[in-house]
Amino acid sequence: MLDASDAGARFRFPAPVPDPEAEALRAEVRGFLEAERAAGGFTPRADCWVSAADPAFSARLGARGWLGLTWPTEYGGGGRPPLHRHAVTEELLAAGAPVAAHWVADRQSGGHILKFGTEAQKREILPRIAAGACFFAIGMSEPQAGSDLAAVATKAERVEGGWRLTGRKIWSTGAHISHYMIVLARTSPPEGRNRQAGLSQFLVDLKAPGVSVSGIKDLAGVVHFNETLFDGVELPEDALLGEEGGGWAQVTAELAMERSGPERFLTVLALMTATMEALKGRMDARRAAVMGRLMARMSALRRMSRGVAQLLQEGASPEVEAALVKEMGTRFEKEAVAGVREALSGLPREEWPAGLETLLDASVMALPSNSLRGGTTEIMRGIVARRLGMR
Amino acid sequence: MDRMVAETAARVFSGRSEDPAALWAALEETGLTAAATPEAMGGAGFGAEEVWGLMRLSGAHAAPVPFAETLLAARLLAAAGSEPPAGRMTLAAGGTIREGRVTASLKAVPWGAAAERVLLLAEGETGPVLALMEIPDAAATPAPGIGEDAAADLVFDADLPEAAAPAPNWLTPLAFRAELALARAAQMAGAMEASLELTLAHTSVREQFGRPLAKFQAIQHMLAEMAGEAAAAGAAVEAAAESAAAGGPVDWRAAAVAKIRAGEAAERVSAHAHQAHGAIGYTYEYDLRKFSRRLWRWRDEAGDETEWAVALATAADEEGTPLSEWIIGPVQGLGVNV
Numbered sequence: 319m320l321d322a323s324d325a326g327a328r329f330r331f332p333a334p335v336p337d338p339e340a341e342a343l344r345a346e347v348r349g350f351l352e353a354e355r356a357a358g359g360f361t362p363r364a365d366c367w368v369s370a371a372d373p374a375f376s377a378r379l380g381a382r383g384w385l386g387l388t389w390p391t392e393y394g395g396g397g398r399p400p401l402h403r404h405a406v407t408e409e410l411l412a413a414g415a416p417v418a419a420h421w422v423a424d425r426q427s428g429g430h431i432l433k434f435g436t437e438a439q440k441r442e443i444l445p446r447i448a449a450g451a452c453f454f455a456i457g458m459s460e461p462q463a464g465s466d467l468a469a470v471a472t473k474a475e476r477v478e479g480g481w482r483l484t485g486r487k488i489w490s491t492g493a494h495i496s497h498y499m500i501v502l503a504r505t506s507p508p509e510g511r512n513r514q515a516g517l518s519q520f521l522v523d524l525k526a527p528g529v530s531v532s533g534i535k536d537l538a539g540v541v542h543f544n545e546t547l548f549d550g551v552e553l554p555e556d557a558l559l560g561e562e563g564g565g566w567a568q569v570t571a572e573l574a575m576e577r578s579g580p581e582r583f584l585t586v587l588a589l590m591t592a593t594m595e596a597l598k599g600r601m602d603a604r605r606a607a608v609m610g611r612l613m614a615r616m617s618a619l620r621r622m623s624r625g626v627a628q629l630l631q632e633g634a635s636p637e638v639e640a641a642l643v644k645e646m647g648t649r650f651e652k653e654a655v656a657g658v659r660e661a662l663s664g665l666p667r668e669e670w671p672a673g674l675e676t677l678l679d680a681s682v683m684a685l686p687s688n689s690l691r692g693g694t695t696e697i698m699r700g701i702v703a704r705r706l707g708m709r
Numbered sequence: 051m052d053r054m055v056a057e058t059a060a061r062v063f064s065g066r067s068e069d070p071a072a073l074w075a076a077l078e079e080t081g082l083t084a085a086a087t088p089e090a091m092g093g094a095g096f097g098a099e100e101v102w103g104l105m106r107l108s109g110a111h112a113a114p115v116p117f118a119e120t121l122l123a124a125r126l127l128a129a130a131g132s133e134p135p136a137g138r139m140t141l142a143a144g145g146t147i148r149e150g151r152v153t154a155s156l157k158a159v160p161w162g163a164a165a166e167r168v169l170l171l172a173e174g175e176t177g178p179v180l181a182l183m184e185i186p187d188a189a190a191t192p193a194p195g196i197g198e199d200a201a202a203d204l205v206f207d208a209d210l211p212e213a214a215a216p217a218p219n220w221l222t223p224l225a226f227r228a229e230l231a232l233a234r235a236a237q238m239a240g241a242m243e244a245s246l247e248l249t250l251a252h253t254s255v256r257e258q259f260g261r262p263l264a265k266f267q268a269i270q271h272m273l274a275e276m277a278g279e280a281a282a283a284g285a286a287v288e289a290a291a292e293s294a295a296a297g298g299p300v301d302w303r304a305a306a307v308a309k310i311r312a313g314e315a316a317e318r319v320s321a322h323a324h325q326a327h328g329a330i331g332y333t334y335e336y337d338l339r340k341f342s343r344r345l346w347r348w349r350d351e352a353g354d355e356t357e358w359a360v361a362l363a364t365a366a367d368e369e370g371t372p373l374s375e376w377i378i379g380p381v382q383g384l385g386v387n388v
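Right under this line is the structure:
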């Protein structure tokens, strides 16, 4: 019988190194957001990193140097550590700020180009992202390739002087307001049963001839995601991002970045904060029991999320830890909405503070997508099970 | 936690979950029972992170001795300026001190039937007092309980011991409960890690339908969830222990977070562990029992999830700070911005 003598933490979420500079930056961002809100620059939005796009707001963040925060200064970045960026994103999310326009570019596309792009690509694109003037969409999912991403059918064929791109991408958030999409496409046939071979990534200018973007209304009736058609789009030679045939490894790295942030659970903080305001003077044991549990769950998740940032800061590749936080984070978002409803029960909607009803309704309608986008709960659990040696 | 300390402790705990006497002797011999005792008092002088890390390890090995209680009692005694004695200790809040006499009637004190002394946080005439009481056989009546922790009801009507000292200022009843809650949360985090390991080992060798259980997606997802829950509890425990890093008390709110999170995780982890094990996990002989029974006991000790949740949300409500400040604020931050 096993003695459990090997027992120990399977996953490490190290303590964030105390950093007064990060806290100073946090305070600066918070002050800016308060001023913006007071001046009518925005009202707090649920699910703000997906559905609240405001290019002018993004440009104001860029002007303050808060985009591309971790990239080298020579590419327009801030040259700061990941925990600084984590502090900034926490503040933006907690405020429900309209950050959707630049979110993908700042979170994953820019860093991806930094890692895999050519010098020319970096110099051309990164400073524009950091200025809040260049937005990106994700080009992974297709009508027949969702969780099974290696099934992508979009094709890039070699032609004189470049590539010809044919196919379609779907669920591409913000493609209608974005400048580029990083497209995963097949450049050569699978090697036997290895479908992960023969894939490559391309930087596609969404203004190029042959690209058409059409919006898809989500359940709430809002267009934030799209279907993007590539009808024989001529791509220049330097549209290739990274290595030809190296697309699978690259897209895996990109997904790790996509999953690593606090947006997977922190967007319900605005809702929880407004709920506590609504309960002021009406707090009782039933309500406190519900809200206290949510506070505890969110605090633990936050610690894990900061642990992921700390791991990044140490130069580790915490993709499994990030998958774990995403899986638990999106599960928490559902529990948080359920809990908030329970805590607010008995308090007529007419007596709710301004904005709470909108926040709750928007959160309810966003819930089904939270545990789908960026990799479903089932895919996340598969990643964790692989680390446990089960697959 | 320091790697050498962790390895030494794991070696000491290993293989001794059925032999309390041998385990205790080994713990004393290696100095681990004095881990929380300051160097000036002859101990190892470990910080809060190491101390709670050791408690976590003791949970991961289902230690059949009052190790966590002894460490915590030593920590509190040292904070009150008293030198912790050798031997098994447990601790409880309760009792009154009047004119040099201690009277107390304490229900189901863990290890009450196995420890030599109990550290009481008792109500003195001029404030709370830490009184370290010998436990004569006559004072202890075994109490029912599922925690395999030799719990006993303790009754005292005795002279105040010489070693009694006024409790440090910070040691309010809430702070005392928070310290104990964090000890339980740490032990639970360890017990959940061990449950996960047992379940992993079982599902990778047990075959049904011609393949190991671990190859079934339904089982993989259960274990992934267990791993996440155990990790969340562990992270919350670490954050709370760090809140006491500078030698002061644990931030009660961070301890509350840890206890709530560990309690919630225990529910899922033990349910999944048993489901994946099948009938063998439901036997007395199999090791999983030790972890499950402890988890089910510890989650109710020193405040269950609901009690701490009510305390947390009520405090946030009374303080009036926006909740977002509580969670991510630079100062408030539930003890996580250390």
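Here the protein sequences come in this chain order: C and X. Okay, so the first sequence: first residue is 319 according to our numbering, each after it adds one. Okay, so the second sequence: first residue is 51 according to our numbering, each after it adds one. Here a beta-carbon is modelled for each residue, glycine too, at the ideal position from N, C-alpha and C. Keep in mind that this is a model prediction, so the values were computed, not measured.
Determine whether the beta carbon atoms of residue i and residue j lie at a separation below 8 Å.
i      : j      : result
E572/C : H430/C : yes
L387/C : V368/C : no
G563/C : A515/C : yes
G284/X : F206/X : no
R667/C : E660/C : no
F583/C : E653/C : no
P314/C : F360/C : Residue 314/C falls outside the range modelled here, since chain C spans only 319 to 709, and no answer is possible.
R138/X : V115/X : yes
G142/X : L170/X : Note that residue 142/X corresponds to Ala in the displayed sequence, not to Gly. For A142/X and L170/X, yes; Cβs fall inside 8 Å.
E288/X : A333/C : yes
V273/C : Q628/C : No information on residue 273/C is available, as it lies outside the stretch 319 to 709 that chain C covers here.
R482/C : A474/C : yes
A419/C : D372/C : yes
Indicate the three-state DSSP secondary structure (helix, strand or coil) for residue i in the structure shown.
i      : result
V62/X  : helix
D424/C : helix
K340/X : helix
E478/C : coil
R125/X : helix
G564/C : strand
P554/C : strand
L521/C : strand
A215/X : strand
G457/C : strand
Y334/X : coil
F331/C : coil
L410/C : helix
E173/X : strand
Which residue wins for smallest C-alpha separation from residue i, given the options the options?
i      : options                        : result
A264/X : L180/X, H327/X, P134/X, L171/X : H327/X
E408/C : S578/C, V541/C, A656/C         : S578/C
V540/C : T491/C, S506/C, T546/C         : T491/C
I701/C : V655/C, L665/C, K644/C, S687/C : K644/C
D187/X : R106/X, P134/X, W161/X         : W161/X
D101/X : H324/X, A56/X, I185/X, E79/X   : A small fix is needed here, since residue 101/X is Val in this sequence, not Asp. Checking every option, the nearest Cα to that of V101/X belongs to A56/X.
F558/C : F434/C, E576/C, R649/C         : Reading off the sequence shown, one finds Leu at residue 558/C, where the question assumed Phe. Nearest C-alpha to L558/C: F434/C.
I185/X : D337/X, E375/X, R234/X, L204/X : L204/X
R511/C : A342/C, R709/C, D523/C, A468/C : A468/C
M15/X  : L122/X, Q325/X, E292/X, R344/X : Lying outside 51 to 388, the shown extent of chain X, residue 15/X is not represented and no answer is given.
D337/X : A112/X, D367/X, A94/X          : A112/X
P554/C : H542/C, G480/C, L589/C, V522/C : G480/C
Alpha carbon to alpha carbon, how far is residue i from residue j?
i      : j      : result
V124/X : A352/X : Going by the sequence as given, residue 124/X is Ala instead of Val. If I take the Cα positions, the gap works out to 18 Å.
G103/X : M601/C : 36 Å
G692/C : G394/C : 27 Å
Q258/X : F266/X : 10 Å
A412/C : T364/X : 21 Å
M646/C : S623/C : 11 Å
V388/X : K309/X : Since pLDDT at V388/X reaches only 32, below the 50 mark, its modelled position is unreliable, and no value is offered.
A215/X : D69/X  : 34 Å
A290/X : A84/X  : 21 Å
A129/X : R106/X : 22 Å
Check whether the Cβ of residue i sits closer than 7 Å to any heavy atom of the ligand HEM, and report yes or no.
i      : result
A618/C : Looking at this structure, you won't find the ligand HEM or any other ligand, since it has none at all.
Checklist entry - In the region 253 to 305 of chain X, which residue ranges form an unbroken alpha helix (DSSP H) of at least 4 residues, counting only runs that do not cross its ends? => result Listed in chain order, they are 267 to 292.
Checklist entry - Considering only residues of the region 648 to 688 of chain C, which uninterrupted alpha helix (DSSP H) runs meet the minimum length of 4 residues and lie entirely inside it, listed in chain order? => result Every alpha helix (DSSP H) of 4 residues or more that sits fully in the region 648 to 688 of chain C is shown, in chain order, as 674 to 688.
Checklist entry - Taking only runs of the beta strand (DSSP E) that begin and end inside the region 78 to 151 of chain X, which ones reach a length of at least 3 residues, in chain order? => result Whole beta strand (DSSP E) segments, 3+ residues: 139 to 148.
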